[in-house]
Amino acid sequence: MASRFPFPIPFGWFCVALEAELEPGELVAANYFGRDLVIWRSELGEFAVSDAFCPHLGAHLAVGGKVHGDQLVCPFHAWEFNAAGACTNIPYSDRLNQKAKLRVYPVTVRNGFVFAWYHPHDEEPSWEIPAMDEVVDPAWTDYYSFSYTIKTAAQEMSENGADPAHFKYVHGTDTVAELVSYDTGGTTSTMLSKQSYVTPKGVEWGRIDVYNHGPGFSQVYFEIPGLVEAWNLATTSPIDAETTQVRFNFIVKRHESAEFTDVIAKAFVKEINKQICEDTPIWENKVFLQVPSLADTDGPILKFRKWYSQFYAA
Ligand code: FES
Ligand SMILES: [Fe+2]
Numbered sequence: 002m003a004s005r006f007p008f009p010i011p012f013g014w015f016c017v018a019l020e021a022e023l024e025p026g027e028l029v030a031a032n033y034f035g036r037d038l039v040i041w042r043s044e045l046g047e048f049a050v051s052d053a054f055c056p057h058l059g060a061h062l063a064v065g066g067k068v069h070g071d072q073l074v075c076p077f078h079a080w081e082f083n084a085a086g087a088c089t090n091i092p093y094s095d096r097l098n099q100k101a102k103l104r105v106y107p108v109t110v111r112n113g114f115v116f117a118w119y120h121p122h123d124e125e126p127s128w129e130i131p132a133m134d135e136v137v138d139p140a141w142t143d144y145y146s147f148s149y150t151i152k153t154a155a156q157e158m159s160e161n162g163a164d165p166a167h168f169k170y171v172h173g174t175d176t177v178a179e180l181v182s183y184d185t186g187g188t189t190s191t192m193l194s195k196q197s198y199v200t201p202k203g204v205e206w207g208r209i210d211v212y213n214h215g216p217g218f219s220q221v222y223f224e225i226p227g228l229v230e231a232w233n234l235a236t237t238s239p240i241d242a243e244t245t246q247v248r249f250n251f252i253v254k255r256h257e258s259a260e261f262t263d264v265i266a267k268a269f270v271k272e273i274n275k276q277i278c279e280d281t282p283i284w285e286n287k288v289f290l291q292v293p294s295l296a297d298t299d300g301p302i303l304k305f306r307k308w309y310s311q312f313y314a315a
């Protein structure tokens, strides 16, 4: 079967773990970017990400390997590697093999997420992931976190946000968000929308503001007047060119009553999680059309695609 998508894995910062998933001194196997990886944490707590296979004779470093201080130790012949991927010790030789190098990925920890920078030609990171004050502000709840693995390309999922027309037909929403502005001038895109809600006091206008920082991290702000103020910190990570992991991490502004906050938060995240389950069968079976036949009232799909295309290496 031909590939459903004409694009490779994009480059950028991608979430490979939640910070809380690894204690200092632990390691774990992972699959992202079409590669086998090991994510590990030094005994002082620093995260590192590298390819999983030892350059000596190919053992999987996360299967029986361990962390010793700030070194990763291979389970097969106990060679040691540092976070930069260099071999620092061959315990049965006085000499080092300078050619024995692990491919490593730059790492940044932000908002409780561990991001690895992937670039097919190993170019350096060219933007940063912003830290959010609300995540550590007691006026907001802790995360409500969810993870989904979907058989589609990362770009296809992100296009959803530029496609307001589908909300009525896939998600059954009464009203569709109205685009206020869409700025795609850099590696961050900003889409501001307003949405009307029928409340006991009449029609009220809420907000949905989406900030995409490269292809892997989005901040989505929701406001339903008088009821919900929430952020979804969403990460999109390519497992391979046709499989994507999405993590939704919601924080909700607290109401006076903790019980009421929890009821509102759970109802809100249930609705958003329902939507991703409704999108999944569309995404998993559609193809990407390079030249779609659009209606004049469709959303800014082509503008989105142009913005996203900057994340594919030449
Ligand atoms: S395979 Fe890793 S030390 Fe030999
Ligand atoms: Fe959707």
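Each residue of the sequence shown is one higher than the last, beginning at 2 in my numbering.
No residue lacks a Cβ here, since even glycine has one placed at the ideal position from N, Cα and C.
Paired residues, beta bridge with residue i - DSSP
i: Thr200; result: Gly203
i: Ala141; result: According to the sequence shown, residue 141 is Trp rather than Ala. DSSP, once it has assigned bridges, lists Lys254 as partnering Trp141.
i: Cys16; result: Phe116
i: Ile209; result: Ser194 and Phe223
i: Ala231; result: Phe223 and Val253
Buried versus exposed call for residue i [16 or more other C-beta atoms within 10 Å across all chains shown]
i: Asp280; result: buried
i: Gly13; result: buried
i: Arg96; result: exposed
i: Gln291; result: exposed
i: Cys278; result: exposed
i: Asn233; result: buried
i: Gly173; result: exposed
i: Asp224; result: According to the sequence provided, residue 224 is Glu. The question's Asp does not apply to it. So Glu224 counts as buried.
i: Gly215; result: buried
For residue i, the first and last residue of its enclosing alpha helix (DSSP H)
i: Pro282; result: Ala259 to Asn286
i: Ala155; result: Ala155 to Glu160
i: Ser310; result: Ile302 to Ser310
Residue i, DSSP secondary structure in three states
i: His167; result: helix
i: Val136; result: helix
i: Ala21; result: helix
i: His78; result: coil
i: His172; result: helix
i: Pro239; result: strand
i: Asn90; result: strand
i: Leu73; result: strand
i: Phe48; result: strand
i: Val64; result: coil
CB contact flag (residue i, residue j, <8 Å)
i: Tyr144; j: Gly113; result: yes
i: Ile151; j: Thr245; result: yes
i: Trp128; j: Thr200; result: no
i: Ile252; j: Ala231; result: yes
i: Glu47; j: Gly70; result: no
i: Lys195; j: Glu179; result: yes
i: Ser197; j: Trp308; result: no
i: Lys275; j: Trp141; result: no
i: Phe6; j: Ala163; result: no
Limits of the unbroken beta strand (DSSP E) element including residue i
i: Ser1; result: No statement about residue 1 is possible, as the shown extent of the chain runs from 2 to 315 and does not include it.
i: Gln99; result: First-last for Gln99: undefined, no H or E at that position.
i: Arg36; result: Arg36 to Arg42
i: Asn32; result: Leu28 to Tyr33
i: Thr188; result: Looking at the DSSP string, Thr188 is not in any beta strand (DSSP E), and its letter there is neither H nor E.
Ligand 4 heavy atom lying under 7 Å from the CB of residue i
i: Leu58; result: Summarising the ligand content, the structure contains ligand 1 and ligand 2 and does not contain ligand 4.
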